[in-house]
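Peer 1: The opening residue of the sequence shown carries number 44 in this note's numbering; numbering runs sequentially from there. Just so you know, even glycine gets a beta-carbon here, dropped at the ideal spot from N, CA and C. Computed from a predicted structure; not experimentally measured.
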Amino acid sequence: MALASILAVSALIYLLGRSKAPKPGRSAEKLSAYACGERVRLGRLAIDVTLCNYLVYFTILDSAVLILAFASPEVVHAGFATLMTYIFTVLAAALLLSFGGE
44 MALASILAVS ALIYLLGRSK APKPGRSAEK LSAYACGERV RLGRLAIDVT LCNYLVYFTI
104 LDSAVLILAF ASPEVVHAGF ATLMTYIFTV LAAALLLSFG GE
């Protein structure tokens with residue numbers, strides 16, 4: 044009940060402030076792109092994805108380390124072969140996806 048009343052009062056304050064606040068004027072100066080004191084030309088953004096493969100490999104191996112870290116000792120010894128099978132299967136799938144079977 045307290046959470047609902049807090050949310051209701053917060054929403055009421057927000058809506059009241061939004062209705063009473065002065066509306067800013069729209070001008071070309073306000074709508075132009077600006078970064079660190081310089082005018083910015085907006086063009087096509089070139090994204091470099093050369094390190095994306097390393098990110099995928101790190102994520103796969105890091106998830107395996109988390110599985111080993113939080114598993115009980117019995118599961119680690121009994122499931123080591125299963126974990127290695129999982130790692131190699133996911134790495135093979137990532138290699139096939141990234142290189143397209145070349």
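For the alpha helix (DSSP H) that residue 63 lies in, which residues bound it at each end?
Peer 2: 45-63
Peer 1: For residue 124, which residues of its own chain have a beta-carbon under 8 Å away from its beta-carbon, when the five flanking residues on both sides are left out?
Peer 2: none
Peer 1: Once you ignore the five residues that flank residue 130 on each side, which residues in its own chain have a CB closer than 6 Å to its CB?
Peer 2: 107
Peer 1: Can you tell me which of 128, 48, 142 and 132 puts its alpha carbon nearest to the alpha carbon of residue 96?
Peer 2: 142
Peer 1: Select from 101, 55, 86 and 114 the residue whose C-alpha is nearest the C-alpha of residue 138.
Peer 2: 101
Peer 1: Can you tell me whether DSSP reads residue 108 as helix, strand or coil?
Peer 2: helix
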